[in-house]
Structures are given as structure tokens and as C-alpha cells.
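First up is the structure itself, then whatever we jot down about it.
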Amino acid sequence: MMTSVRAAILMGCWLISAASVFAASDSPRKVIIDTDPGADDAMAILLALNSPELDVKALTVVAGNVVIEQGVENALKLVSLAGRCDIPIAGGAHQPLAQKLITAEYFHGKNGLGDVELPSPACHADTRFAPDLTIELIHRYPHDITLVPIGPLTNIALALAKDPSIVPLVKEVVLMGGSISGGNATAAAEANIYNDPEAARAIFAAGWPLTMVGLNVTERTLFTDADLNELAKTHGRENNCAVGVLKFMVNLAGKLGGAGAAMHDPLAVGAAIDRSLIATEDMRVEIETRGEFTRGETVASRHNSSDLKVLHGERYIIEGVEAVRPNAHVAVKSDARRFVQLFISRIAGK
Ligand code: RIB
Ligand code: CA
Numbered sequence: 053m054m055t056s057v058r059a060a061i062l063m064g065c066w067l068i069s070a071a072s073v074f075a076a077s078d079s080p081r082k083v084i085i086d087t088d089p090g091a092d093d094a095m096a097i098l099l100a101l102n103s104p105e106l107d108v109k110a111l112t113v114v115a116g117n118v119v120i121e122q123g124v125e126n127a128l129k130l131v132s133l134a135g136r137c138d139i140p141i142a143g144g145a146h147q148p149l150a151q152k153l154i155t156a157e158y159f160h161g162k163n164g165l166g167d168v169e170l171p172s173p174a175c176h177a178d179t180r181f182a183p184d185l186t187i188e189l190i191h192r193y194p195h196d197i198t199l200v201p202i203g204p205l206t207n208i209a210l211a212l213a214k215d216p217s218i219v220p221l222v223k224e225v226v227l228m229g230g231s232i233s234g235g236n237a238t239a240a241a242e243a244n245i246y247n248d249p250e251a252a253r254a255i256f257a258a259g260w261p262l263t264m265v266g267l268n269v270t271e272r273t274l275f276t277d278a279d280l281n282e283l284a285k286t287h288g289r290e291n292n293c294a295v296g297v298l299k300f301m302v303n304l305a306g307k308l309g310g311a312g313a314a315m316h317d318p319l320a321v322g323a324a325i326d327r328s329l330i331a332t333e334d335m336r337v338e339i340e341t342r343g344e345f346t347r348g349e350t351v352a353s354r355h356n357s358s359d360l361k362v363l364h365g366e367r368y369i370i371e372g373v374e375a376v377r378p379n380a381h382v383a384v385k386s387d388a389r390r391f392v393q394l395f396i397s398r399i400a401g402k
């Protein structure tokens, strides 16, 4: 029979381990947001800065929606607005790995912030190159950093190539990118992947825990005129900035026939805040880099199997199916209204 002393010791151990689990789950998630700010990026950044569930360790900037200089300036303006000069802002890649840069001022305004003019930044850029800062922080906080890329994946690919040892040290990658329901940049490709397919291929092949928040959910996670009117009822520096940028986004979406502004990047941050905002399915996702019409497509194996073809003389015969190993948790549903209400609740009055 177990002695009472041994039972007490075992109970003590259980209590300590349970406490550590609860304590660990209560501590904010350390995140590095890699961004090409960008109107929706800016909303994602403001959401992250006003969410106690996240500890933003850095904003690393990549060329994409705007050139790198504009992106760094916009990131500095946003953290200055939030009074967060403690957060390092580091500039990274000026162009994709293997193609020319494609900027998207049409969708994000000439300055990348929906043409909203923010005060000159009080914060100053970090002198480190973004991929180097990412590598440094991953080693400083082993198994504790979540990477949240919301732009082209160039910086992450450069960090990966420079130091592959980061893969087992990263807690998770939660990225806005890709789609399993067709593209936006082209019929097949989503913009972040389309703007650096070679980088995306490296990220999806790395083997780290990866969650893909793609157009198939973000295009259904809309910020509407009614949401804008709600957010405009409150005031504050960040609140007013968000109203201005979202007004640009909602108006443009309306001009293009949409029912609201797609909250692409903010939803990826939302998934890092509260995983229950999305539902995922494990899939094998390959990145097309050569297709004439499909370069940049995220080709997802929804059934995680493919035909087993056996050569018999001059023809193949399908003799079964073979398993395909998933490499991504692909978001297939989002609780759009609960997300928008979360967003408004975090920004209102700030
Ligand atoms: O396709 C949407 C993505 O492309 C978002 O990250 C947006 O900011 C643009 O970069
Ligand atoms: Ca973006």
C-alpha cells in the first residue's frame, strides 16, 4: 500500500507540475511580427500591441506592400503612436529572393497607411538586419518565440538559410498567406506567397509547426461600414488611426464590389491571440514556383493522400493510394464576427 509520505510527495509533484502548466499557459505569447506595413498590417500591429495575450518582441520589416524604407517608417510611426519604443523595429530584405519587388500602393495608399498621415516617429529603428534580429531572439528565447509573418516570407527565409538551427527552437509559425480557394494577386496565388514563392517554399518545407491563415478564411473575415461606425464612436490616437486606415480599406473594398475590408493580417494575429478564432485541418502544402499561371500557388493536399501509380510496360496502373505527410495546419474556418468584436474591443479608446 502506498505510504502516506509517498502519496504526499506524489501529490506535491502533481500540484507543482499543474501549477507550472497553468502558469505557462497564462504567460503572454512571445511573438515576432514580420510585416510589410501596409494598411491591414497596421491594423494587425495595433491589435498585437493592445492584446495582453501577446508579448511583441520585435517588428521585423520586409519589402512588399511598400518599399522597405516606407515600411520601416510606418512601423516606427505605429509603435510611436502606441508609446512602445521598447519594441525593436528592424529593416530587412529590400526585394524578394528571385524576382523584382511588386509594391501595392493601390491597395494600401501612397504611404502604405491608407494615406493617413501619422506624427513623425519618436522611436528609432534598430540597426540590426531583420533576419539577424530574428535569429538572435529565437536563440535568446528557445522554444518560446512564435513567428507571425504577415508579408512576403523573404526575411524568414533569409534567417532560415543563415541559421537552420532555429527550426527546432521556434515554438510555432502562424502566417498570413496562401489560399485553398484561389488567389488575389493572380487567379491562383495569394499576394504574400506570390511576392516571394522561393521564400515561401523554404518556409513550408522547413518542418517547424506552421499554421497557414489564408484567403479562404481572411476574405470572409470582413470589417464592414457598420463596424467602422462602431469604432468611430470612441477616440484615441490609435483608435483614430485605425478608423482612418480602415475607412480607406472599407471604401476601396466597396469600390471593388466587396461587402467589407478583408482583415487578412489582423486575423493571423488574432489566431496567435486566441486559437479558437480559427479551425484548422492538417494538410500537405506545396508552393508552386514554375507554373505559367500558377506561380505562387499554395497547392494543398486536402485528403493527404495521392494515387499510388505502378509502371506496367507502357502505362501506369493505379494500385492504391499513398499517404502524404502534412506540413501545415491550414485554417479552414474563422469566427469572423467574434474576431471583429475582439479587434474593436482592443482598439476602442486607445
Ligand atoms: O493577400 C493579403 C496579404 O498581402 C496581406 O498581408 C496584405 O498586407 C498583403 O501583404
Ligand atoms: Ca501584409
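The opening residue of the sequence shown carries number 53 in our numbering; numbering runs sequentially from there. Heads up, the beta-carbon is just placed ideally off N, CA and C, and yes, glycines get one too. Quick caveat, the model's predicted, so the values are computed rather than measured.
Using the Cβ count rule (16 or more neighbours within 10 Å means buried), how would you classify Asn247? Position 195 of the sequence shown, counted from the start, is the residue given in the question as residue 247. Label assigned to Asn247: buried.
Secondary structure at Thr155, three-state DSSP: helix, strand or coil? Mapped onto the sequence shown, residue 155 falls at position 103. Note: Thr155 maps to coil in three-state DSSP.
For Ile139 and Asp178, what's the separation of their Cα atoms in angstroms? For this step, residue 139 is matched to residue 87 along the sequence shown. For this step, residue 178 is matched to residue 126 along the sequence shown. When rounded, the distance between both Cα atoms is 9 Å.
Rounded to a whole number of angstroms, what is the C-alpha to C-alpha distance between Met335 and Ser357? Looking up residue 335 in the sequence shown gives position 283. Looking up residue 357 in the sequence shown gives position 305. Computed Cα separation, rounded: 10 Å.
Gly116: beta carbon under 7 Å from a heavy atom of ligand 2? On the sequence shown, position 64 is the one that residue 116 refers to. Within the cutoff, so yes.
Does the Cβ of Phe74 have 16 or more other Cβ atoms within 10 Å, making it buried, or fewer, making it exposed? Within the sequence shown, the letter at position 22 stands for residue 74. Confidence at Phe74 is low in this model, with a pLDDT of 37, below 50, so the placement of that residue should be treated as unreliable; the coordinate-derived value is given next. It is exposed - the Cβ of Phe74 has fewer than 16 other Cβ atoms within 10 Å.
Identify which residue in Leu98, Asp88, Ile84 has its Cα closest to the Cα of Ile396. For the purposes of this step, residue 396 is taken as the residue at position 344 of the sequence shown. With distances taken between Cα atoms, Ile396 lies closest to Leu98.
Evaluate Arg81 with the Cβ neighbour count: other Cβ atoms within 10 Å of its Cβ, from every protein chain shown; 16 or more gives buried, anything less gives exposed. Numbered from 1 along the sequence shown, position 29 holds the residue referred to as residue 81. Burial call: buried.
Are Ala96 and Ala320 closer than 8 Å when you measure CB to CB? Indexing the sequence shown from 1 puts residue 96 at position 44. Indexing the sequence shown from 1 puts residue 320 at position 268. Yes, they are a contact pair.
For Lys285, which of helix, strand or coil comes out of DSSP? In the sequence shown, the residue the question calls residue 285 occupies position 233. Three-state result, Lys285: coil.
What did DSSP end up calling Glu188 once you bin it into helix, strand or coil? Start at 1 with the first residue of the sequence shown, and residue 188 comes out as number 136. In the structure shown, Glu188 sits in a helix (DSSP, three-state: H, G or I).
Examine ligand 1 and report whether any of its heavy atoms sits within less than 7 Å of the Cβ of Ile202. Stepping through the sequence shown from its first residue, residue 202 is reached at position 150. Yes, since a heavy atom of ligand 1 falls inside the 7 Å radius drawn around the Cβ of Ile202.
Please report the straight-line C-alpha distance between His287 and Ala400, rounded to a whole angstrom. As a working mapping, residue 287 is identified with position 235 in the sequence shown. As a working mapping, residue 400 is identified with position 348 in the sequence shown. If you take the alpha carbons of His287 and Ala400, they lie about 7 Å apart.
Please confirm whether Phe345 and Ala243 have their CB atoms less than 8 Å apart. On the sequence shown, residue 345 is found 293 positions in, with the first residue counted as 1. On the sequence shown, residue 243 is found 191 positions in, with the first residue counted as 1. Not a contact, by the Cβ cut-off of 8 Å.
How should Gly365 be labelled, buried or exposed, when 16 other C-beta atoms within 10 angstroms of its C-beta is the threshold for buried? Against the sequence shown, residue 365 aligns to sequence position 313. So Gly365 ends up on the exposed side.
To which residues of the same chain is Val225 closer than 6 Å at the C-beta, ignoring the five residues directly before and after it? Residue mapping note: residue 225 aligns to position 173 of the sequence shown, counting from 1. So the list reads Leu199, Trp260, Leu262, once near-sequence residues are dropped.
Residue environment, Ala294, which counts as buried when at least 16 other CB atoms sit within 10 Å: Here residue 294 refers to the residue found at position 242 when the sequence shown is read from its first residue. Ala294 comes out buried.
In whole angstroms, what is the alpha-carbon distance linking Thr55 and Asp196? Translated into the one-based positions of the sequence shown, residue 55 becomes position 3. Translated into the one-based positions of the sequence shown, residue 196 becomes position 144. Residue confidence for Thr55 is low, a pLDDT of 48 falling below 50, so the modelled location carries little weight; the figure read from the coordinates is stated next. Each residue's Cα considered, the two are about 39 Å apart.
Could you check whether the Cβ of Asp387 sits closer than 7 Å to any heavy atom belonging to ligand 2? Within the sequence shown, the letter at position 335 stands for residue 387. Every heavy atom of ligand 2 is 7 Å or more from the Cβ of Asp387, so no.
Which of helix, strand or coil DSSP assigns to His176: Stepping through the sequence shown from its first residue, residue 176 is reached at position 124. In this structure, His176 counts as coil in the three-state DSSP scheme.
Boundaries of the beta strand (DSSP E) in which Glu250 is found, first to last residue: For the purposes of this step, residue 250 is taken as residue 198 along the sequence shown, with counting starting at 1. From DSSP, Glu250 is part of no beta strand (DSSP E) but of the alpha helix (DSSP H) over 249-257.
Would you check if the distance between the CB atom of Glu282 and the CB atom of Ala314 is smaller than 8 Å? Your numbering for residue 282 matches position 230 in the sequence shown. Your numbering for residue 314 matches position 262 in the sequence shown. No; because the gap between Cβ atoms is not below 8 Å, this pair is not in contact.
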